[in-house]
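Chemist:
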């Protein structure tokens, strides 16, 4: 089973080292070719890859941090506070999960024009700061994992609500934060919805990669490089979940 899942990634590496004429051989090539250096050089001449990689990683990281922070705050409020309209507000958030994203394309771009956010990074991370899925996930986790007595004891000791969030809620919510951070980063990394609102001059892995002329193993080389940051973050959050859930 492991080989079935690993082979497609291995095949991408193999095709990235082949010339175009040899990529579609039957049976397909199983071992690396001799075009790795030439494919890399030609690929980097067509696209400022490292700058675009940095921009995409920065946007995805910023989206992850803001989403985790604000969704944890909102989930904590829905889980442990009592206020008027709490159930109605939470039900409204759940209803938004059933609305397809495509229905908001025109209002989304109108808002970008109105806020003068075109050709900026703001449309790429601000809409996800209050993710309905993130709020729902954190609310469900915090409601059953943090006892009210612990929060009351912290308040009796004079700890403010913000420090309770930072020093008690965030450490105890690491498993849920890891899941939310993992899904947010990968979703932002693969986000093609907000990318057209950005400027190709600023550089993102979404827009500039489209006009690359498909020669040799360049698309496969590009795909291999684009996958690296998301896999690194996945491994980071995976180890975070295992480290938190382990019993010593």
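Residue numbers (my numbering): 77 to 324. Cβ coordinates follow ideal geometry from the N, Cα and C atoms, glycine included. Computed from a predicted model, the values in this text were never measured in an experiment.
Check whether the Cβ atoms of residue 144 and residue 201 lie closer than 8 Å to each other.
Modeler: no
Chemist: Within the segment 205 to 251, note down every full alpha helix (DSSP H) run reaching 4 residues or more, in order along the chain.
Modeler: Counting only unbroken stretches of 4 or more residues, the alpha helix (DSSP H) elements lying wholly within the segment 205 to 251 are 208 to 221, 224 to 232 and 237 to 240, in sequence order.
Chemist: Let me make sure I understand the geometry here. Which of 259, 177 and 170 has the alpha-carbon closest to that of residue 141?
Modeler: 259
Chemist: Are the CB atoms of residue 248 and residue 156 nearer to each other than 8 Å?
Modeler: Taking 8 Å as the Cβ cut-off, residue 248 and residue 156 do not qualify as a contacting pair.
Chemist: So residue 240 packs on residue 227, CB below 8 Å; how close in whole Å?
Modeler: 6 Å
Chemist: How would you label residue 114, buried or exposed, when you count the other beta carbons within 10 angstroms and need 16 or more for buried?
Modeler: exposed
Chemist: Take the Cβ of residue 187 as the centre, count every other Cβ of all protein chains shown within 10 Å, and call the residue buried at 16 or more, exposed below.
Modeler: Residue 187 is classed as exposed because its beta carbon has fewer than 16 other beta carbons within 10 Å across all chains shown.
Chemist: Would you grab the beta carbon distance between residue 166 and residue 154 for me? Rounded to a whole angstrom, and I think it's under 8 Å.
Modeler: About 5 Å; that satisfies the 8 Å criterion.
Chemist: With distances taken from CA atoms, which of 196, 174 and 102 is nearest residue 208?
Modeler: 174
Chemist: Is it buried or exposed, residue 266, if we count other Cβ atoms within 10 angstroms and call 16 or more buried?
Modeler: exposed
Chemist: If we ignore side chains and look at the alpha-carbon of each, how far apart do residue 86 and residue 94 end up?
Modeler: 13 Å
Chemist: Assuming residue 150 and residue 206 form a contact by the criterion Cβ under 8 Å, report the distance between their Cβ atoms to the nearest whole angstrom.
Modeler: Correct: roughly 7 Å between the Cβ atoms.
Chemist: Could you tell me how far apart the beta carbons of residue 253 and residue 148 are, in whole angstroms, since I believe they sit closer than 8 Å?
Modeler: The pair is a contact, with the Cβ atoms about 7 Å apart (cut-off 8 Å).
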